[in-house]
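Note that the sequence shown covers residues 101 to 1094 in the numbering used here.
Every residue, glycine too, gets a C-beta built ideally from N, C-alpha and C.
Below: one structure, written as structure tokens.
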Amino acid sequence: MADALLGVVFQNLTSLLQSEFSTISRIKSKAEKLSTTLDLINAVLEDAEKKQVTDHSIKVWLQQLKDAVYVLDDILDECSIKSGQLRGLTSFKPKNIMFRHEIGNRLKEITRKLDDIADSKNKFFLREGTIVKESSNEVAEWRQTSSIIAEPKVFGREDDKEKIVEFLLTQTRDSDFLSVYPIFGLGGVGKTTLLQLVYNDVRVSGNFDKKIWVCVSETFSVKRILCSIVESITREKSADFDLDVLERRVQELLQGKIYLLVLDDVWNQNQQLEYGLTQDKWNHLKSVLSCGSKGSSILVSTRDKFVATIMGTCQAHSLYGLSDSECWLLFKEYAFGYFREEHTKLVEIGKEIVKKCNGLPLAAKTLGGLMSSRNEEKEWLDIKDSELWALPQENSILLALRLSYFYLTPTLKQCFSFCAIFPKDGEILKEELIQLWMANGFISSKGNLDVEDVGNMVWKELYQKSFFQDIKMDEYSGDIFFKMHDLVHDLAQSVMGQECVYLENANMTSLTKSTHHISFNSDNLLSFDEGAFKKVESLRTLLFNLKNPNFFAKKYDHFPLNRSLRVLCISHVLSLESLIHLRYLELRSLDIKMLPDSIYNLQKLEILKIKDCGELSCLPKHLACLQNLRHIVIKGCRSLSLMFPNIGKLSCLRTLSMYIVSLEKGNSLTELCDLNLGGKLSIKGLKDVGSLSEAEAANLMGKTDIHELCLSWESNDGFTEPPTIHDEQVLEELQPHSNLKCLDINYYEGLSLPSWISLLSSLISLELRNCNKIVRLPLLCKLPYLKKLVLFKMDNLKYLDDDESEDGMEVRVFPSLEILLLQRLRNIEGLLKVERGKIFPCLSNLKISYCPELGLPCLPSLKLLHVLGCNNELLRSISTFRGLTKLWLHDGFRITSFPEEMFKNLTSLQSLVVNCFPQLESLPEQNWEGLQSLRTLRIIYCKGLRCLPEGIGHLTSLELLSIKNCPTLEERCKVGTCEDWDKISHIPNIQFNY
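Rendered as structure tokens:
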């Protein structure tokens, strides 16, 4: 890894010698001497990197080298910054003389240190050699042909999978106790992969009402596990809840449900692991979870037999390694892929390498990925015969991982090992990681490739070599998340040592002079040792990933910031004046009302993120002077009403998540004209657009990398001058490129939408909110990939599609739509004016809120229906939704009875909620016998409901009946001789609002 750092320093030294500094003989001579010294060290780095694994003294020597090079890099970076700020460095102005003198002394001191390090290398008898070179062909050409991330194949686990599936489908159904099935095996043997196979099996999915996956890892926290369960089911953050509230919320969500919970990677508490599983913790968690219906199950994976013993309700499933033949198939998948010829000699050598994997899939995948870019027989033999295989006290998986790491290029090594700054088993956002690499100088632009493109290539290569896994992509935003296997994370931590410190439930005593990256991930640090923090000589990364963003401001108001920082993520505004090296700044706090003027000193700043600063009203006026800015992300800043002027001068800008148009000079849409933006762009204040030429100049059509666009006419300050041009004219000129995936339009006052919307062939999500004057929508029904449609407060709209032509029966109307949300559409009468062809063939989730005139057609694929504000017409249509599994009916204030046929044909219905029907006197008497899949029935605030129908007694699958705020009904259903008790006595779980 020192080699990658040296490469950056060599580039900076070259730049120094080519700058104005080259005319200052005292500085030039020192820089030339430094270059010679570094050349001598660089010549032996390959041998040193290899030998440090077994020779601790060489490892210490390399760390001393890296520490010194970090300091040198700071000096060179400061020279670069000052040369841009001070004109005529060779002049005799006092400021320039002082700076030259200071730099000269610092170069002299660091040269002395590096000379000592260079001299001491001789005692290690290191051989000069060729360092692993960066190669433009390192990312194999066949890898670059597709952006699709393919899931790897799984070999040799079919029998294990079938055994677990059979247990879930048959053996747990009649158990009165919560079933816990433990899977035990070595790290890297494939426990998580096996659980994923089971979890995603269609038979398993169809057998459970809820499926929840929780990665437990080394910290067994009951509260964190409960938070994960709530968030998995509701998609709502719950970290701020008290434990008691969480427990009741989990029981509310799981009550009466057959659920499957996966607790992956559970560790035992011992002397080395203070926060692992104990019997008391497990008893506590299990008591909370024992609320589901019969058949609820928990799958556990662990490396520890003790964990399997205390958690399991059956014998542990021991997972063993793959056979050599199965391991070879997996290795071959990664080493040769689909497009690479399998040379006979390489196959022979490869099978010998596979034998060293001892059947561990992670070892086979990692080594296969390593060999994928190596074509020569000698390269394969070097791996097979590597001295690393003979290392003592190393198991085969760690040997394979270490070997794969050793053969990475310097850039890949540095980028991979930096990932030790993230929590083990945590999800990592790909875009954020690449930006952190950029800010730390690990990657840079090459030829015609932007630095972000290089970052993507590096990330893909590490993924292909199995250092990254568990890829998930958000369909709408395009964000990619991934994880590292915990053993791979262990490797990154081992490589980084003291350089990277991740603080969670720990104190700061682990900080040393060699610490360069720190991540705080706890609001409860045991101690804050300012002295320990000040020992750090060249700190590059400081991340505060705190659950409570205001914790920092309250506790450490005078936190010492190291002036060498490249990355700072913090929740309190401190003075930024001295942080001249900063490339990445993220601010998060509800208390931030303005950014300090010292931000103008950050001339190297590339990434600025401002999140959840609800009191921030405007940005500093002169931010456009920060010419290196590439990414500006603004999120959750509800009071922000004014940007900074002349943003168009930021020629390097690639991301601008929010732009506010205003009448202030330099804040018009014209500023966006030449910016090559991508990702998400939200434009607010469109009422202040002064002319059509201004709207056209925004050049949205030319921004081919924008995938999410939000357009809003809402006024941030509550006052706008009368518009000089109509909203329709402005929107017509704001046509984006057809690559757009998500479009959101707010507070638009035009009568119609432009026809270009129906030409957005890649669109997957469309949201129209507060567009009250729109009478009709453009032709949306044929958009091939539209999956989500949201309409909110559009009072004049009568149909989603009012085309009256009668197409053939084969036409598919809204062919891909899956989610439809209709909210407060007072005059909407139907989805289509004329029903034709195959309508809404994929629609599975429909939510309707206060659409009093709406009737619905037959929707055979509908699974979830949520109605807020019911009318009789809509209730009558419910019986046509034969595939419905969940039905929520809320707020029917004028409804006195449901249609008798409403429950007819609902044979798949599993959950029914009737809430807030105060005038409802009775439920339908007919068709209850057809609801044989119904498991949960909730009746809430129906105070006029007098009795339950006789048909309730036919619901043999019903497991939970909840009656709340229904006084008459509750009285009739009490245990014993009350009128309705015989109808419900067979239901195992009955709840009242006592």
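| query | If you compare alpha carbons, which of Met198, Ser1057, Lys223 is closest to Ser157? | reply | Lys223
| field | Residue of Thr641, Leu690, Lys711, Gly714 minimising C-alpha distance to Gln682 | value | Here residue 682 is Leu; the residue named in the question, Gln, does not match the sequence. The candidate whose alpha carbon is nearest that of Leu682 is Thr641.
| message | Along the chain, where does the beta strand (DSSP E) containing Ser865 start, and where does it finish? | response | 865-869
| query | Thinking C-alpha only, which one of Leu665, Val447, Leu690, His672 is nearest Ser678? | reply | Leu665
| query | Can you find at least 3 beta carbon pairs, one from the segment 697-711 and one from the segment 724-743, that sit closer than 8 Å? | reply | Contact holds: three or more Cβ-Cβ distances are below 8 Å.
| said: Quick check: what's the CA-CA separation for Ile402 versus Ser183? | reply: A small fix is needed here, since residue 402 is Thr in this sequence, not Ile. Near 57 Å, if we compare the C-alpha coordinates of Ser183 and Thr402.
| request: With distances taken Cα to Cα, identify the nearest neighbour of Arg976 among Val830, Leu956, Leu690. | output: Leu956
| In the segment 483-542, which residue ranges form an unbroken alpha helix (DSSP H) of at least 4 residues, counting only runs that do not cross its ends? | 496-506, 510-517, 530-539
| What residue range is occupied by the uninterrupted alpha helix (DSSP H) comprising Thr293? | 291-299
| Taking buried to mean at least 16 other C-beta atoms within 10 Å of its own C-beta, is Gly538 buried or exposed? | Note that residue 538 corresponds to Met in the displayed sequence, not to Gly. It is buried - the Cβ of Met538 has at least 16 other Cβ atoms within 10 Å.
| message | Less than 9 Å between the beta carbons of Gln355 and Ser1062, yes or no? | response | Yes, the Cβ-Cβ distance between Gln355 and Ser1062 is below 9 Å.
| query | Which of the three DSSP states, helix, strand or coil, is assigned to Asn112? | reply | helix
| query | Of the residues Glu146, Ser115, Asp147, which one's Cα is nearest the Cα of Glu132? | reply | Ser115
| Pick from Cys725, Glu1025, Leu866: whose alpha carbon is nearest that of Tyr576? | Leu866
| query | Leu831 and Tyr847 look like a contact to me (Cβ under 8 Å); what is the Cβ gap, rounded to whole Å? | reply | Not a contact, Cβ separation roughly 12 Å.
| request: Quick one: give me the first and last residue of the beta strand (DSSP E) that Met694 is part of. | output: That residue, Met694, is in no beta strand (DSSP E); it is neither H nor E in DSSP.
| Asn475: buried (16+ other C-beta within 10 angstroms of its C-beta) or exposed? | exposed
| said: On the criterion of 16 or more Cβ atoms from any shown chain inside 10 Å, does His585 qualify as buried, or is it exposed? | reply: Classification of His585: buried, given that the 10 Å Cβ count is 16 or more.
| task | Please work out which residues of its chain come closer than 6 Å, Cβ to Cβ, to Lys841, disregarding the five sequence neighbours upstream and downstream, and give them in chain order. | result | His807, Ser862, Ile864
| What separation, rounded to the nearest whole angstrom, lies between the Cα atoms of Val350 and Lys213? | 59 Å
| Does the distance from the CB of Cys519 to the CB of Ile528 come in under 9 Å? | Cβ distance < 9 Å, so Cys519 and Ile528 count as in contact.
| Local conformation of Thr154 per DSSP, three classes | Here Thr154 sits in coil by DSSP.
| Asp174 versus Ile203, Phe436, Leu162, residue with shortest Cα-Cα distance | Ile203
| query | Around the C-beta of Pro836, are 16 or more other C-beta atoms found within 10 angstroms, so that it is buried, or is it exposed? | reply | buried
| Contacting residues, own chain, Cβ-Cβ under 6 Å from Val407 (five flanking each side not counted) | Around Val407: Val366, Asn368, Leu377.
| query | With respect to the beta strand (DSSP E) encompassing Glu1083, which residues constitute its N-terminal and C-terminal limits? | reply | Before going on, a small fix: residue 1083 reads as Lys here, not Glu. Careful: Lys1083 lies outside any beta strand (DSSP E), inside the alpha helix (DSSP H) at 1081-1084.
| Got a sec? Which residues, its chain only, sit under 8 Å from Val601 by beta carbon, not counting five neighbours each side? | Taken in chain order, the residues that qualify are Ser610, Leu611, Thr615, His617, Ile618, Ser619.
| query | If Leu716 sits next to Leu740, beta carbons under 8 Å apart, how far is it from one beta carbon to the other, in whole angstroms? | reply | Right, their Cβ atoms sit about 6 Å apart.
| request: Using the Cα positions of Lys394 and Phe277, report the straight-line distance between them to the nearest angstrom. | output: 8 Å
| field | Bounding residues of the beta strand (DSSP E) (the contiguous stretch that carries Phe568) | value | Unbroken run through Phe568: none, as it is neither H nor E.
| task | In angstroms with no decimal places, state the Cα-to-Cα distance between Leu954 and Glu1070. | result | 33 Å
| Given that a residue counts as buried once 16 or more other Cβ atoms are within 10 Å of its Cβ, and exposed if not, what is Lys1083? | buried
| task | Would you mind working out which of Leu295, Val144, Gly1051 sits nearest Glu1000, comparing C-alpha positions? | result | Gly1051
| message | So, under 8 Å CB-CB, Lys478 and Ile449 are touching, yes? Tell me the CB distance rounded to an integer number of Å. | response | About 10 Å; that fails the 8 Å criterion.
| message | Check for me: the beta strand (DSSP E) holding Phe333 runs from which residue to which? | response | Sequence check: residue 333 is Ile here, not Phe. Counting along the chain, Ile333 falls outside any beta strand (DSSP E), though it belongs to the alpha helix (DSSP H) covering 322-334.
| query | Given Val332, which residues of its chain have a CB within under 8 Å of its CB, disregarding the five upstream and five downstream residues? | reply | Checking the sequence, you will find Ser at residue 332 rather than Val. For Ser332, where only same-chain residues beyond five positions count, the Cβ hits under 8 Å are Ile312, Trp313, Val314.
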